[in-house]
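Those letters in the sequence shown? Residues -11 to 90, per the numbering used here, in order.
Below: the structure, in structure tokens.
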Amino acid sequence: MIEKLPIIHFLMGFLLAGWSLTFLMRIVLTWYPQVNVSKGFWVFFYLPTEVFLAPTRRCIPPIGGVDITPVIWFGVITLIRELLVGPQGIIAQIVIKQTMQA
């Protein structure tokens, strides 16, 4: 398991970065309410994020007509990414310690 940690570190970083970019794209799409995000190219950003945004909208309604749930999830994903695989993250520190001992 320990020898596979650098691969896990890389993959988690890559997936969390991609997820962050997907939520960032949803933030940009909230600026254009006339765009139908459930059709065409936008469905690639809509489907993976709507699973998280729909329940969050029930708890946090739009403020002044602005849906802030993508911003909340972007912050959560970014925080998780930094805590796990960022320069001072848990997995990053284990990988660094492992390479220094080798």
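Heads up, the beta-carbon is just placed ideally off N, CA and C, and yes, glycines get one too.
In this text the structure is predicted, and so the values were computed from the model without any measurement.
Check: May I have the straight-line CA-CA distance separating P58 from T87, to the nearest angstrom?; Outcome: 37 Å
Check: Excluding sequence positions up to five away, which residues of its chain have a Cβ less than 6 Å from the Cβ of R45?; Outcome: T57
Check: What number of angstroms, rounded off, separates the C-alpha of T66 from the C-alpha of A80?; Outcome: 15 Å
Check: From V54 to I15, what does the alpha carbon distance come to, in whole angstroms?; Outcome: 10 Å
Check: Are the CB atoms of L12 and F62 nearer to each other than 7 Å?; Outcome: yes
Check: Classify W135 as buried or exposed, calling it buried when 16 or more other Cβ atoms lie within 10 Å of its own Cβ.; Outcome: Shown here, the chain extends from -11 to 90; a query on residue 135 therefore has no answer.
Check: Measure the C-alpha to C-alpha separation of I51 and Q76 and round it to an integer number of angstroms.; Outcome: 34 Å
Check: Using a Cβ-Cβ cut-off of 8 Å (strictly less than) and excluding sequence neighbours within five positions of P36, which residues of its own chain qualify?; Outcome: W7, T10
Check: Can you name the residues that DSSP bridges to I51?; Outcome: V54
Check: Is Q22 helix, strand or coil when you go by DSSP?; Outcome: coil
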